[in-house]
Amino acid sequence: LSVGESGLGKSTLINSLFLTDLYKDRKVPNAQERIDQTVNTIKHTISIEEKGIKVRLTVIDTPGASLYCRCWNPIEDYIDQQFEQYFRDESGLNRSNIQDNRVHCCLYFISPLGHGLRPLDVACMKALHNKVNIVPVVAKADSLTQAEVHRKKMKIREEIEQFGINIYQFPECDSDEDEDFKKQDQILKDSTPFAVIGSNVQVESKGRKFRGRVYPWGVVEVENSAHSDFLLLRNMLVRTHMQDLKDVTGETHYENYRAQSQYDYEHNNSLPNNDVNRDANRAETRGFHNHK
1 LSVGESGLGK STLINSLFLT DLYKDRKVPN AQERIDQTVN TIKHTISIEE
51 KGIKVRLTVI DTPGASLYCR CWNPIEDYID QQFEQYFRDE SGLNRSNIQD
101 NRVHCCLYFI SPLGHGLRPL DVACMKALHN KVNIVPVVAK ADSLTQAEVH
151 RKKMKIREEI EQFGINIYQF PECDSDEDED FKKQDQILKD STPFAVIGSN
201 VQVESKGRKF RGRVYPWGVV EVENSAHSDF LLLRNMLVRT HMQDLKDVTG
251 ETHYENYRAQ SQYDYEHNNS LPNNDVNRDA NRAETRGFHN HK
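Residue numbers (UniProt numbering): 1 to 292.
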């Protein structure tokens with residue numbers, strides 16, 4: 001699931017991550033159309049191959065969601081609907097063939113402008129953080145110097161802790177893990193939020209061709225670790241931590257939803273419904289926004 005304000009390159013990064021063009025037929029709305037647009041959910045299913053293993057991924061986009069009008073509620077609803085469908089399937093007779101459409105990861109795009117999180121970033125992430133694994137990314141990192149990236153990451157990490165935002169936590173390494181694995185794990189933790197660049201354009205420089213961007217002062221390589229955290233993010237999503245993202249979704253976020261749904265059912269004698277809890281969370285979010 002990709003979430004963030006317009007103009008942060010969400011579509012470009014998603015295409016770059018999975019070497020595809022999911023949005024080639026999408027019309028870019030004008031300013032008035034963006035205001036009038038209702039929130040809808042668009043799902044793209046793609047197949048990728050990693051180390052000889054074929055993986056089917058579903059990418060979820062919410063093009064009508066504008067953080068400025070605080071309409072992330074439909075995003076909450078979508079996540080809850082997937083939980084509810086899984087709950088119903090799990091409670092049915094054909095449990096062996098359940099299709100898992102739960103949202104396992106949310107890439108939350110943060111603007112490179114400013115020093116840290118905006119109040120709306122905090123409000124949106126707090127609305128979603130108990131429902132989905134949030135992986136924060138700093139968009140368009142090539143607009144920042146390395147020193148600016150470092151300062152922005154430090155500030156965002158401080159504010160995530162300050163405001164009690166629960167982002168995805170990388171699992172702790174076992175004591176018997178080899179040192180290289182421990183080192184890579186620490187690099188991942190230190191890189192959060194990931195500073196990313198997206199591009200599907202092939203550029204040529206010094207006899208090499210690579211995906212990147214050309215500027216008057218030089219070129220930026222998407223897959224160069226000295227330029228961005230793109231490779232770290234991609235490897236984390238589709239290689240090293242894919243299973244853990246699914247496990248945390250099932251063992252934490254879904255179990256919380258299921259417990260609340262069963263409680264509501266037993267006390268209200270109704271179908272599983274999370275509206276009461278959802279409305280309470282939204283009231284808390286509105287209170288934070290108004291306070292800011």
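Heads up, the beta-carbon is just placed ideally off N, CA and C, and yes, glycines get one too.
Residue from the options whose Cα sits closest to the Cα of residue i
{"i": "residue 171", "options": "10, 244, 267, 256", "result": "244"}
{"i": "residue 261", "options": "1, 91, 11", "result": "91"}
{"i": "residue 60", "options": "14, 89, 53, 52", "result": "14"}
{"i": "residue 50", "options": "251, 267, 266, 242", "result": "242"}
{"i": "residue 8", "options": "199, 204, 232", "result": "199"}
{"i": "residue 1", "options": "54, 19, 174, 74", "result": "74"}
{"i": "residue 139", "options": "192, 100, 250", "result": "192"}
{"i": "residue 232", "options": "204, 168, 189", "result": "189"}
{"i": "residue 58", "options": "86, 81, 100, 96", "result": "100"}
{"i": "residue 251", "options": "109, 56, 201, 83", "result": "83"}
{"i": "residue 124", "options": "5, 55, 249", "result": "5"}
{"i": "residue 121", "options": "249, 166, 12", "result": "166"}
{"i": "residue 137", "options": "249, 53, 52, 156", "result": "156"}
{"i": "residue 205", "options": "215, 196, 160", "result": "215"}
{"i": "residue 109", "options": "195, 267, 17, 202", "result": "195"}
{"i": "residue 265", "options": "10, 202, 88, 201", "result": "88"}
{"i": "residue 227", "options": "111, 202, 197", "result": "197"}
As assigned by DSSP and simplified to three states, the class of residue i
{"i": "residue 250", "result": "helix"}
{"i": "residue 41", "result": "coil"}
{"i": "residue 5", "result": "coil"}
{"i": "residue 145", "result": "coil"}
{"i": "residue 259", "result": "helix"}
{"i": "residue 228", "result": "coil"}
{"i": "residue 12", "result": "helix"}
{"i": "residue 54", "result": "strand"}
{"i": "residue 238", "result": "helix"}
{"i": "residue 122", "result": "helix"}
{"i": "residue 61", "result": "strand"}
Neighbour-count burial assignment, residue i, 16 or more Cβ in a 10 Å radius
{"i": "residue 217", "result": "exposed"}
{"i": "residue 131", "result": "buried"}
{"i": "residue 45", "result": "exposed"}
{"i": "residue 43", "result": "exposed"}
{"i": "residue 78", "result": "buried"}
{"i": "residue 93", "result": "exposed"}
{"i": "residue 19", "result": "exposed"}
{"i": "residue 263", "result": "exposed"}
{"i": "residue 209", "result": "exposed"}
{"i": "residue 164", "result": "exposed"}
{"i": "residue 133", "result": "buried"}
{"i": "residue 247", "result": "exposed"}
{"i": "residue 287", "result": "Caution is warranted here: a pLDDT of 48 is assigned to residue 287, below 50, making its placement in the model unreliable, and the coordinate value is therefore given only provisionally. Exposed, because fewer than 16 other Cβ atoms sit within 10 Å of the Cβ of residue 287."}
{"i": "residue 95", "result": "exposed"}
{"i": "residue 129", "result": "buried"}
| said: Check whether the region 112-123 and the region 139-152 touch, using three or more Cβ-Cβ pairs below 8 angstroms as the test. | reply: Verdict: yes, contact present.
| message | With a threshold of 8 angstroms, are at least 3 pairs of Cβ atoms found where one atom belongs to the region 169-189 and the other to the region 136-143? | response | no
| task | Would you check if there are 3 or more beta carbon pairs closer than 8 angstroms linking the region 253-268 to the region 208-223? | result | The region 253-268, when compared against the region 208-223, does not touch it at the 8 angstroms Cβ threshold.
| Given 8 angstroms as the limit, is there contact between the region 233-248 and the region 96-105, that is, 3 or more CB pairs closer than that? | yes
| Start-end ranges of the beta strand (DSSP E) lying completely within the region 63-119, minimum 3 residues | 106-110
| field | Segments of 3+ residues assigned as beta strand (DSSP E) that fall wholly inside the region 148-223 | value | Counting whole runs of 3 or more residues, the region 148-223 contains the beta strand (DSSP E) stretches 202-205, 208-215, 218-221.
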